[in-house]
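Asker: Okay, here's the structure, questions in a sec.
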Amino acid sequence: MIFKGKAETLESIEKKITTAKILPQISFSYDEYSNQKESILKYLEDNKWFEKNLIVRSCGKNEDDIHYSGAGQFTSVGNVYGKENVCNAIQTVFESMGTNKENRVFLQPYINEVDLSGVIFTIEPNTGSHYYVINFDDQTKLTNSVTDGSGRELKTLYFYKGNNQISEKKIQRIIALAKELENLFKNEALDIEFAIKNNELFLFQVRPLVFNIPKVNREVQDYILKNIYNQIIQRNKSNPNILGDFSIYGVMPDWNPAEIIGIHPNTLALSLYEEIITDSVWAYQRSNYGYRDMTSFPLMIDFAGLPYIDARISFNSFVPKDIPDELARKILNYYLLKLCKYPEYHDKIEFKIAFTCYSFDLQKRIEDLSKYDFSELEISQIIRALHQLTNNIISEKNGLFRNDLLKINTLTEKHNAVIQAEISILEKIHYLLEYCKQYGTLPFAGIARAGFIAMEFLNSLVSINVMTKTEKDLFLSNLKTIGKTISNDSKRLSRNEFMKTYGHLRPGTYNICSPCYSKSKKDYFIFSKEKDEIPNKEAVFIFTKKQCDKIEILLKKHNFNCNFESFISFIKEAIEGREYSKFIFTKTLSEIIELIAIFGEEHGYSREDMSHINIKEVLKMLTNTNINIKDTLAKIINNGKEKERQSLNVVLPTLIWNEKQVYEFYHFKNEPNYVTQKECEADIVEIFEEMDIKDKIVIIKNADPGYDWIFSHEIAGLVTAYGGVNSHMAIRCAEFGIPAAIGVGEDRFSRMIKLKRIKIDCKNKRIIEIC
């Protein structure tokens, strides 16, 4: 079979397919309609076409070509009834295609009130991987909600072709149709439109899926997915030191790799993130702060190069040490089951799933446990443990996080000593990594935990009506954070002065291919020639006496070792300190990355080459002096390139709780994290497409601290695919009072990129797609 255009293709297979029904049609060309209009209309009238609801569809000369699909280029008019309306619709469709004599229009009965409608791609178009990708709507009863993008409750199913176990009957029928069409056309890359009504499957269209990347080797992909499948089974086995009956893996539950390094990071970025945070540093911090000791267990695992957080290990690390194993196991299973039930909470587990600290409204929030067979005694035991742990962290005299605030300042001194030392580049990289962990990311992790607790306290003050959400936002906007300092200094300092302090930052903190500010050819900031101080125009928040008194009473009632002043001081210092400590350790990280680039250059390798190295493999060279460094680097680079190439062909769900999801999974709908209660409407701009971002809504897939420069450009709003309620960008937007939707999810983000203008309504928690 060959493709001949929409109408002709359907007509040619109408009697050949057995898995679906094709609606009857009548078609005619522009030339035929121009010269034989009356006879065509008479035929339609005689055969009672005007007595039923119709859809008038385009069949352009250049549509559905093997090299160009023309999908959505021309108009179709649906639900048309009566001669006059049909004539008007025919004219409209022809006008949308132009006056080529061979352009055709075809009419079919219009189907409404369908049970399900959608589109299936028989190959994953972004990667060339062997998946059936089914995007469908089973809510609105419409047939065009997928194709025109109007559907708001669309579902997307990925089904690997090597999988023979199809879980749902309706999906079995759709895939059977896809397989039949693949066989008929001898083509693995098809775009198929369909609908189901009254248990009957209708085929509306089939055309070649045009994409410009090579198809993936099926055998290689089978091998990779089988390995991931076995890996999940193996890791799900019980371990006496890990509580919980099963594991869940996600890209955002803890330490947010999707936000910080992306879902397809290069090997260097992935290995650096493991080295300085997720291998052991994260666990040492939590153990130091009174949580269960998980130092023997890396938090992050990569599935064929895709970084995932083991949520079971994460949840273990949030249980206070004082909780006995039997109760801790019960808590763990509650967390895991709740995350399975509410997968949209994957990027906000500390707010929506786990109880990780004490707050003024904990008693109310923790009541949920009583629905899951927790006794009053067990709940009280959990509350007491969380209270003691929290008190130890926020205590005015010996609060754990205050020691970390002091420790972070030691890193600069250690950093400078290594840079000035007369040692090899590899030795400098080694020592900087060790100091970055000991005096950088370890105290940062502690301060970040304190920052989270501070936010929990603020949220609880809103929850119990001591302050309003607007007052909380204003309080946050008054904090003196590094983000504000960067924005103000870019207007106050010369470029050279500015770069001395901030030049180490880069968009993509772990990405060697992303130049830091000081080495970039782009100026991310607008440097002012005026040296005057920037006036502070923002409103100031001051607690009322009534609020002060209420908080003082709350602190005594809840037995905290602090008064109002030291409590508010803790909140300010913790949130400000989190951003400051991140700024400090990223300076050392940036230096490490620059030294790696120099090391590569000395041996004939570019930054792009060095992005493929695993830092652990490079550090082994320190103890192996009998090697050829250039040849060894070549092997490491090639290994990294191959792994990254393979990882690009793997599509996995955002959250995995069953090994079967490796082969079949839904993209679930994300609930964005809205920041402020403001709203904004503006054109959207992707950061690398256009640098004029003033008064625009900036849209970034994953935004790490290196993107702080955007806040010096008076942006209207921000949207990210990934990021949690407590993420870096959420905090920044709160500071600057910028409306934002953080973590909208992969599906919605992909759709929004194609738009020109949106409205973010944070108060009502919605994003309105304007055009």
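No gaps in the numbering here: position 4 of the sequence shown is 4 in UniProt numbering, and each next residue is one more.
Built from N, CA and C at the ideal position, the CB exists for glycine as well.
#1: With DSSP run on the structure shown, which of helix, strand or coil describes P343?
#2: Tell me which residue opens and which closes the alpha helix (DSSP H) that T9 is part of.
#3: Starting from M300, trace the beta strand (DSSP E) in both directions and tell me its first and last residue.
#4: With DSSP as the reference, label Q172 as helix, strand or coil.
#5: Alpha carbon to alpha carbon, how far is D361 from K500? Give it in angstroms, no decimals.
#6: How many whole angstroms separate the CB atoms of I382 and I331, which I take to be in contact at a CB cut-off of 8 Å?
#7: Quick one: is A734 buried, meaning 16 or more other Cβ sit within 10 Å of its Cβ, or exposed?
#8: Mapping the DSSP letters down to three states, classify I353 as helix, strand or coil.
#9: I need the boundaries of the alpha helix (DSSP H) containing F318, first residue and last residue.
#10: For the candidate residues K407, E456, T676, whose alpha-carbon lies nearest to that of S581?
#11: N288: which of Y160, F444, D549 sits nearest, CA to CA?
#12: What does the Cβ neighbour count give for L377, buried or exposed, with the cut at 16 atoms within 10 Å?
#13: Quick one: residues in its chain with C-beta nearer than 6 Å to the C-beta of E153, no 5 flanking neighbours on either side, listed in chain order?
#14: Which two residues bound the contiguous beta strand (DSSP E) that contains F194?
#15: Say whether the stretch 660 to 680 touches the stretch 636 to 647, bearing in mind that this needs 3 or more beta-carbon pairs closer than 8 Å, one atom from each stretch.
#16: Counting C-beta neighbours from all protein chains within 10 Å, is the total for Y223 16 or more, i.e. buried, or is it exposed?
#17: How should A304 be labelled, buried or exposed, when 16 other C-beta atoms within 10 angstroms of its C-beta is the threshold for buried?
#18: Does the separation of the CB atoms of W282 and L268 fall below 9 Å?
#19: Please classify C762: does DSSP put it in a helix, a strand, or coil?
#20: In its own chain, which residues sit with a C-beta less than 6 Å from the C-beta of R57, not counting the 5 before and 5 after it?
#21: Which stretch, first to last residue, makes up the beta strand (DSSP E) that contains Y666?
#22: Let's test the definition: count the other Cβ atoms within 10 Å of the Cβ of N511 and tell me whether it reaches 16, buried, or not, exposed.
#23: Could you check which residue in Q420, A574, I767 has the C-alpha nearest to that of I447?
#24: Which complete alpha helix (DSSP H) runs does the stretch 37 to 63 hold, if anything under 4 residues is left out?
#25: To the nearest angstrom, report how far apart H130 and M97 are at their CA atoms.
#26: I'd like the span of the alpha helix (DSSP H) that includes R384, first residue to last.
#27: Compare the beta carbon distance of V650 and L243 with 9 Å and say whether it is the shorter of the two.
#28: Name the two residues that bound the continuous beta strand (DSSP E) containing A740.
#29: Does K696 pass the burial test, meaning 16 or more other C-beta atoms within 10 Å, or should it be called exposed?
#30: Start and end of the alpha helix (DSSP H) containing residue 837?
#31: Select from K491, E8, L426, A741 the residue whose C-alpha is nearest the C-alpha of L622.
#32: From E182 to I464, what distance separates their C-alpha atoms?
#33: Less than 9 Å separating the beta-carbons of I276 and C436?
#34: Tell me whether the beta-carbon of D322 lies closer than 9 Å to the beta-carbon of L400.
#35: Is it right to say N624 is buried, meaning 16 or more other beta carbons lie within 10 angstroms of its own, or is it exposed?
#36: Per DSSP, what kind of secondary structure is L474 in: helix, strand or coil?
Answerer: Result, derived from the coordinates:
#1: In the sequence shown, the residue the question calls residue 343 occupies position 343. In the structure shown, P343 sits in a helix (DSSP, three-state: H, G or I).
#2: Residue 9 sits at position 9 when you count from the first residue of the sequence shown. That run of the alpha helix (DSSP H) goes 6 to 13.
#3: Locating residue 300 in the sequence shown gives position 300, counting from the first residue. First-last of the beta strand (DSSP E) with M300: 300 to 303.
#4: Taking the sequence shown and counting its residues from 1, the one referred to as residue 172 is at position 172. Three-state DSSP puts Q172 in a helix.
#5: One-based indexing of the sequence shown puts residue 500 at position 500. One-based indexing of the sequence shown puts residue 361 at position 361. Cα to Cα, K500 sits roughly 45 Å from D361.
#6: What you label residue 382 is simply residue 382 of the sequence shown in a count that begins at 1. What you label residue 331 is simply residue 331 of the sequence shown in a count that begins at 1. Confirmed, about 7 Å.
#7: Reading the sequence shown from its first residue, position 734 is the one you call residue 734. Buried: at least 16 other Cβ atoms inside 10 Å.
#8: Your numbering for residue 353 matches position 353 in the sequence shown. Residue state, collapsed to three classes: coil.
#9: Within the sequence shown, residue 318 is the residue found at index 318, counting from 1. Neither: F318 is in no alpha helix (DSSP H) and is coded neither H nor E.
#10: For the purposes of this step, residue 581 is identified with residue 581 of the sequence shown, where counting begins at 1. Comparing Cα positions, the closest option is K407.
#11: By one-based count along the sequence shown, residue 288 stands at place 288. Closest by alpha carbon: F444.
#12: Taking the sequence shown and counting its residues from 1, one reaches residue 377 at position 377. Exposed is the call here.
#13: On the sequence shown, position 153 is the one that residue 153 refers to. Around E153: Q139.
#14: On the sequence shown, position 194 is the one that residue 194 refers to. Its beta strand (DSSP E) spans residues 190 to 197.
#15: no
#16: Translated into the one-based positions of the sequence shown, residue 223 becomes position 223. With fewer than 16 other Cβ atoms within 10 Å, it is exposed.
#17: Position 304 of the sequence shown holds residue 304. Buried: at least 16 other Cβ atoms inside 10 Å.
#18: Translated into the one-based positions of the sequence shown, residue 282 becomes position 282. Translated into the one-based positions of the sequence shown, residue 268 becomes position 268. Cβ distance not < 9 Å, so W282 and L268 don't count as in contact.
#19: Position 762 of the sequence shown holds residue 762. DSSP places C762 in coil when its eight states are reduced to three.
#20: Counting from 1 along the sequence shown, the entry for residue 57 is found at position 57. S76, F106.
#21: Position 666 of the sequence shown, counted from the first residue, corresponds to residue 666. That run of the beta strand (DSSP E) goes 664 to 667.
#22: As a working note, residue 511 is residue 511 in the sequence shown. Buried: at least 16 other Cβ atoms inside 10 Å.
#23: Within the sequence shown, residue 447 is the residue found at index 447, counting from 1. It is A574 whose Cα lies nearest to the Cα of I447.
#24: none
#25: The residue given as residue 130 occupies position 130 in the sequence shown. The residue given as residue 97 occupies position 97 in the sequence shown. So the alpha carbons of these two residues sit roughly 34 Å apart.
#26: Here the question's residue 384 lines up with position 384 in the sequence shown. Counting along the chain, the alpha helix (DSSP H) containing R384 begins and ends at 376 to 394.
#27: Sequence index remark: in the sequence shown, residue 650 carries index 650 (1-based). Sequence index remark: in the sequence shown, residue 243 carries index 243 (1-based). Against a cut-off of 9 Å, the Cβ pair of L243 and V650 comes out as no contact.
#28: Taking the first residue of the sequence shown as position 1, residue 740 is located at position 740. Its beta strand (DSSP E) spans residues 740 to 742.
#29: The residue you call residue 696 lines up with position 696 of the sequence shown. Its Cβ being crowded by 16 or more others within 10 Å, K696 is buried.
#30: What the structure shows of the chain is the stretch from 1 to 771, and residue 837 is not part of that stretch, so it cannot be assessed.
#31: By 1-based counting over the sequence shown, the position of residue 622 is 622. The candidate whose alpha carbon is nearest that of L622 is L426.
#32: The count along the sequence shown starts at 1 and reaches residue 182 at position 182. The count along the sequence shown starts at 1 and reaches residue 464 at position 464. Taking the straight line joining both Cα atoms gives about 60 Å.
#33: Start at 1 with the first residue of the sequence shown, and residue 276 comes out as number 276. Start at 1 with the first residue of the sequence shown, and residue 436 comes out as number 436. Yes, Cβ-Cβ distance for I276 and C436 is below 9 Å.
#34: Residue mapping note: residue 322 aligns to position 322 of the sequence shown, counting from 1. Residue mapping note: residue 400 aligns to position 400 of the sequence shown, counting from 1. Going by C-beta atoms, D322 is not nearer than 9 Å to L400.
#35: The count along the sequence shown starts at 1 and reaches residue 624 at position 624. N624 comes out exposed.
#36: Here residue 474 corresponds to residue number 474 of the sequence shown, with the count starting at 1. In this structure, L474 counts as helix in the three-state DSSP scheme.
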